[in-house]
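Q: Quick note, the sequences are listed as chains A and B, same order. For the first sequence, my numbering begins at 1 and goes up steadily by one. For the second sequence, my numbering begins at 1 and goes up steadily by one.
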Amino acid sequence: AQRVTQPEKLLSVFKGAPVELKCNYSYSGSPELFWYVQYSRQRLQLLLRHISRESIKGFTADLNKGETSFHLKKPFAQEEDSAMYYCALKGGSTLGRLYFGRGTQLTVWP
Amino acid sequence: SAVISQKPSRDICQRGTSLTIQCQVDSQVTMMFWYRQQPGQSLTLIATANQGSEATYESGFVIDKFPISRPNLTFSTLTVSNMSPEDSSIYLCSDRGRAETQYFGPGTRLLVL
Numbered sequence: 001a002q003r004v005t006q007p008e009k010l011l012s013v014f015k016g017a018p019v020e021l022k023c024n025y026s027y028s029g030s031p032e033l034f035w036y037v038q039y040s041r042q043r044l045q046l047l048l049r050h051i052s053r054e055s056i057k058g059f060t061a062d063l064n065k066g067e068t069s070f071h072l073k074k075p076f077a078q079e080e081d082s083a084m085y086y087c088a089l090k091g092g093s094t095l096g097r098l099y100f101g102r103g104t105q106l107t108v109w110p
Numbered sequence: 001s002a003v004i005s006q007k008p009s010r011d012i013c014q015r016g017t018s019l020t021i022q023c024q025v026d027s028q029v030t031m032m033f034w035y036r037q038q039p040g041q042s043l044t045l046i047a048t049a050n051q052g053s054e055a056t057y058e059s060g061f062v063i064d065k066f067p068i069s070r071p072n073l074t075f076s077t078l079t080v081s082n083m084s085p086e087d088s089s090i091y092l093c094s095d096r097g098r099a100e101t102q103y104f105g106p107g108t109r110l111l112v113l
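Shown next as structure tokens:
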């Protein structure tokens, strides 16, 4: 069964420090992994997807199939990065539905 | 990216009543999804709404409680029927746009007294 695990419910770092939000998944096939972000009082929006292999707002995430992980990283956190981050998985057999982790609330202190 | 709007943005309802949430997409999309986000929890898929066919419900959700309409490729409604306080939640609609990316509406915040 598909499952997405985000072990940290809360994560706090100081501005300028590196940040890593962990995400592990279980899926028998070839998954598509996403990171969604929800800033305060804003809608849920896509941050990045592993297929694109892109860096958005300084964030990167690499799919590690051996460790079944898709951790989100940023070398120097900014205060405006404070938000709720959700890791999500889309399985090929489920016609587009996403399976979400419980989310990690990131707080970046000045 | 698709622009998705939802109405109402929030509501306070009495138990036993029903509320219909509307979701409008600014472009034609094949599939629309309805999620629920209960306080402090992650998003849970309620059902997938396909145009021209009945919605597909996830385990734990039934049509009598959450009837869905999908009259065309840009619009869908979700009704929360016979509400109880446990239905207090944020309800989100989403579509599957190009490049298989899903976009989300702003959500409908529901409080049932």
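Glycine included, C-beta positions come from ideal geometry on N, C-alpha and C.
Check distances from the C-beta atoms of the segment 5 to 38 of chain B to those of chain A and list, in chain order, the residues that come in under 7 Å.
A: Those residues of the segment 5 to 38 of chain B that come within reach of chain A (Cβ to Cβ, closer than 7 Å) are Met31, Phe33.
Q: Are Cys23(A) and Phe70(A) closer than 9 Å when you measure CB to CB?
A: Taking 9 Å as the Cβ cut-off, Cys23(A) and Phe70(A) qualify as a contacting pair.
Q: If you compare alpha carbons, which of Pro85(B), Ser94(B), Asp11(B) is closest to Gln102(B)?
A: Taking each of Pro85(B), Ser94(B), Asp11(B) in turn and checking the Cα distance to Gln102(B), the smallest one comes out for Ser94(B).
Q: Taking all protein chains shown into account, decide if Phe66(B) is buried (16 or more other Cβ within 10 angstroms of its Cβ) or exposed.
A: buried
Q: So, helix, strand or coil for Asp64(B), using DSSP?
A: coil
Q: Output the boundary residues of the beta strand (DSSP E) element that contains Ser12(A).
A: 10 to 14
Q: Report, in whole angstroms, the separation of the C-beta atoms of Glu79(A) and Lys9(A), which I expect to be a contact under 8 Å.
A: Their Cβ separation, rounded to whole angstroms, is 20 Å, which puts Glu79(A) and Lys9(A) out of contact at 8 Å.
Q: Can you give the Cα-Cα distance for Ala17(A) and Leu48(A), rounded to whole angstroms?
A: 21 Å
Q: Out of Glu20(A), Gly58(A), Val37(A), which has the shortest C-alpha to C-alpha gap to Phe100(A)?
A: Val37(A)
Q: Determine the chain B residues that contact Phe100(A) at a beta-carbon separation under 7 Å, and present them in chain order.
A: Ser42, Leu43
Q: Between the Cα of Arg102(A) and those of Gln38(B), Thr77(B), Gly107(B), spot the shortest distance and give me the residue it belongs to.
A: Gln38(B)
Q: Between the Cα of Leu98(A) and those of Val19(A), Arg53(A), Pro31(A), Gly58(A), spot the shortest distance and give me the residue it belongs to.
A: Pro31(A)
Q: Does Gly52(B) have its Cβ less than 9 Å from a Cβ in chain A?
A: no
Q: So which residues on chain B does Leu47(A) lean against when the C-beta distance must stay under 7 Å?
A: For Leu47(A), no chain B residue has a Cβ inside 7 Å of its Cβ, as the nearest lies near 11 Å away.
Q: Should Asp81(A) be labelled buried (16 or more other beta-carbon atoms within 10 Å of its own) or exposed?
A: buried
Q: What do you reckon, are the CB atoms on Phe33(B) and Arg43(A) nearer than 9 Å?
A: no
Q: Out of Met31(B), Gly40(B), Thr44(B), which one is the CA nearest neighbour of Ser69(B)?
A: Met31(B)
Q: At a CB-CB cut-off below 7 Å, which residues of chain A make contact with Gly107(B)?
A: Arg43
Q: Whose Cβ in chain A lies nearer than 9 Å to the Cβ of Leu92(B)?
A: Arg43, Leu44
Q: Is DSSP giving Pro31(A) helix, strand or coil here?
A: coil
Q: At the level of alpha carbons, what is the spacing between Cys13(B) and Thr20(B)?
A: If you draw a straight line from the Cα of Cys13(B) to the Cα of Thr20(B), it is about 11 Å long.
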